[in-house]
Amino acid sequence: MSDTTPPDVPVFNCVVIVSPRDAEGQVSARAAELSGMEGRGKSEREALSQVVAQFKDFVSRRYAAGDEIPWLQPPLTPQPGEQQRFIAVHL
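Structure follows, in structure tokens:
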């Protein structure tokens, strides 16, 4: 066993709003707390993975640079028929 302590890994909650399938059978998702992050796919998992990848890239760059993260205040809220997901993102 090593005597070194692992470095702290920042963790952020990525709040995502998921829409039901559209007429084409596609699921849409969007970040609730950051503007412009959206995903679309054949499954909820596919749509979520697109949003999470954008979230992780954006937040990690801002965090590394010491820049403020422009969280939406208040965050977006689900509309009727939509669901909200909370995903822990380790940078």
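With my numbering applied, the sequence shown covers 3 to 93. Beta carbons: idealized from backbone N, C-alpha and C, even for Gly. Remember, predicted model here, so these are calculated numbers, not experimental data.
How about residue i and residue j: are their beta carbons less than 9 Å apart?
| i | j | result |
| --- | --- | --- |
| L93 | P9 | no |
| A55 | Q28 | no |
| Q52 | E40 | yes |
Keeping to the same chain, check which residues put their C-beta closer than 6 Å to that of residue i; ignore five residues upstream and five downstream.
| i | result |
| --- | --- |
| Q75 | none |
| S21 | S30, E84 |
With a threshold of 7 Å on Cβ separation, who are the neighbours of residue i within its own chain once the five nearest residues in sequence on each side are excluded?
| i | result |
| --- | --- |
| S62 | L93 |
Run the CB neighbour count on residue i, radius 10 Å, all protein chains shown included, and call it buried at 16 or more, exposed below.
| i | result |
| --- | --- |
| R32 | buried |
| F57 | buried |
Can you check which of these residues, the options, is closest to residue i by C-alpha distance?
| i | options | result |
| --- | --- | --- |
| F14 | I71, E26, E46 | I71 |
Spatial neighbours of residue i within its chain, please: C-beta separation below 8 Å, excluding the five flanking residues on both sides.
| i | result |
| --- | --- |
| K44 | G27, Q28, V29 |
| P77 | V17, A34, E35 |
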